[in-house]
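Colleague:
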Amino acid sequence: MIQRLIILGALKRKPSSGYDIKKFIQKELGMFSPLELKSIYYPLKKMEKEGLIEKREKRNHLKKYVYYITPQGEKEFFRLCKETLLSRKRPFLEWDIALYFLPFLNKKEILPLLRLRLLFLEKVKRWLEEKLEEFKEAPQNFSLLVNHHLRLVLAEKDFLRSLIKIIKQ
């Protein structure tokens, strides 16, 4: 679902080649989404068959295809956005599985790992703060996204500090 939303959103921004869509996903959305596309062309072909997008040949010095969102694709884009905003899925973090098995782990081995995680989160926090500064002049949705991730990182750092105190006892 998220893959379709991202591709349709990329084409809503502007018609693009498969290569340009993949670059957009990596450059613009890479910091917000773990989506990695090995091949962009399989989902594009599938979405074209479904009538969500259309492909037009563009001839410069090379033969190139540019994809456009169709009216049906526009409807699907808005439906997917609404579905995502209304999602009732709880976020599950792989990290929580290790937390569940905490009683089986050696405290002396865990504490340095948790401190390393804390250092990593501090680097992520600083990076997000830099991005927030970079996006001052960008559309508001960029700063909202960065702010959301920043708050998540701050909450995790706070939780980690509490966890370290509990484990030390």
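The working numbering numbers the first residue of the sequence shown as 28 and each following residue consecutively.
The beta-carbon is built from N, C-alpha and C at its ideal position, and this holds for glycine as well.
Would residue 1 and residue 35 be called neighbours here (beta carbons separated by less than 7 Å)?
Modeller: Because the chain is modelled from 28 through 196, residue 1 falls outside the range shown and cannot be assessed.
Colleague: Helix, strand or coil for residue 86? Go by DSSP, reduced to three states.
Modeller: Strand.
Colleague: Give me the residue from 30, 114, 58 and 187 with the minimum Cα distance to residue 140.
Modeller: Minimum Cα distance to residue 140 is reached at 187.
Colleague: Could you check where the alpha helix (DSSP H) with residue 115 kicks off and where it finishes?
Modeller: Here residue 115 belongs to no alpha helix (DSSP H), and DSSP marks it neither H nor E.
Colleague: When burial is assigned at 16 or more other CB atoms within 10 Å of the CB, is residue 165 buried or exposed?
Modeller: Exposed, because fewer than 16 other Cβ atoms sit within 10 Å of the Cβ of residue 165.
Colleague: Secondary structure at residue 60, three-state DSSP: helix, strand or coil?
Modeller: If DSSP states are grouped into helix, strand and coil, residue 60 belongs with coil.
Colleague: For residue 78, does the count of other Cβ atoms within 10 angstroms reach 16, so buried, or fall short, so exposed?
Modeller: Exposed, because fewer than 16 other Cβ atoms sit within 10 Å of the Cβ of residue 78.
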